[in-house]
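K.L.:
Shown below is the structure under consideration.
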Amino acid sequence: SLPGSLYTFVPLSAVSAGVRDLRDAIDGARRDRSRGRRTVLFVDEIHRFSKSQQDSFLPAIEDGSIILVGATTENPSFQLTTPLLSRCRVLSLQPLKPQHIEALLGRAISDAEKGLQVTTQAPVRAIFLGCLNVMSV
Numbered sequence: 001s002l003p004g005s006l007y008t009f010v011p012l013s014a015v016s017a018g019v020r021d022l023r024d025a026i027d028g029a030r031r032d033r034s035r036g037r038r039t040v041l042f043v044d045e046i047h048r049f050s051k052s053q054q055d056s057f058l059p060a061i062e063d064g065s066i067i068l069v070g071a072t073t074e075n076p077s078f079q080l081t082t083p084l085l086s087r088c089r090v091l092s093l094q095p096l097k098p099q100h101i102e103a104l105l106g107r108a109i110s111d112a113e114k115g116l117q118v119t120t121q122a123p124v125r126a127i128f129l130g131c132l133n134v135m136s137v
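Its first residue numbered 1, the sequence shown is counted upward by one per residue in my numbering.
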């Protein structure tokens, strides 16, 4: 978490996390909540959790201990339990197009206060193309 932030970010991977990891994350979130901090629990590949593991999130979601963010490549309507889905907002993300990435880089480079600290005078397009080359390797 960032200094001064009211949120703690806890990442888990459903591929490698077990029941103990879930319990530890939720117990930590409840402790943080008693101190005025909220926990964003990010679960990658959430569809890999069993129904009982998915159900273990419900009390913590309902009492506000966690803000659950789950990522999946599967259709959540078929892979997640109905009770969990009923407490979530499902967002479908689409891949960014090259012009979107170029625009984001342009904004990040041009914002002197919060943006990237660039040490080159190369135009945004050259930096963007360099990034694309690196990502394709």
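Virtual Cβ for every residue (Gly too), placed ideally from N, Cα, C.
Does the count of Cβ pairs from the segment 30-46 and the segment 4-21 closer than 8 Å reach three?
P.N.:
The segment 30-46, when compared against the segment 4-21, does touch it at the 8 Å Cβ threshold.
K.L.:
DSSP three-state label for R28, please.
P.N.:
Sequence check: residue 28 is Gly here, not Arg. Helix, per DSSP.
K.L.:
Please name the residue or residues paired with F42 in a DSSP beta bridge.
P.N.:
Bridge partners of F42: P11, V69.
K.L.:
Can you name, in chain order, every residue of its own chain whose Cβ lies under 8 Å from the Cβ of V137, other than the five neighbours on each side?
P.N.:
In this prediction, V137 scores a pLDDT of 46, lower than 50, which makes its location untrustworthy; the coordinate-derived value is nonetheless stated afterwards. Around V137: no qualifying Cβ.
K.L.:
With a threshold of 8 Å on Cβ separation, who are the neighbours of A71 within its own chain once the five nearest residues in sequence on each side are excluded?
P.N.:
Here the set comprises F42, V43, D44, E45, I46.
K.L.:
Taking the straight line between their C-alpha atoms, what separation do you get for C88 and G36?
P.N.:
Cα to Cα, C88 sits roughly 23 Å from G36.
K.L.:
Is DSSP giving F57 helix, strand or coil here?
P.N.:
Three-state DSSP puts F57 in coil, outside helix and strand.
K.L.:
Just checking my contact of P65 with I26 at CB under 8 Å: how many whole Å lie between their CB atoms?
P.N.:
Per the sequence shown, residue 65 should be read as Ser rather than Pro. Confirmed, about 6 Å.
K.L.:
So, are the CB atoms of T81 and D55 less than 8 Å apart?
P.N.:
For T81 and D55, yes; Cβs fall inside 8 Å.
K.L.:
Measuring only the C-alpha atoms, how far is F78 from P95?
P.N.:
Spanning the two alpha carbons is a distance of roughly 22 Å.
K.L.:
Thinking C-alpha only, which one of K51, S52, D24 is nearest T39?
P.N.:
It is D24.
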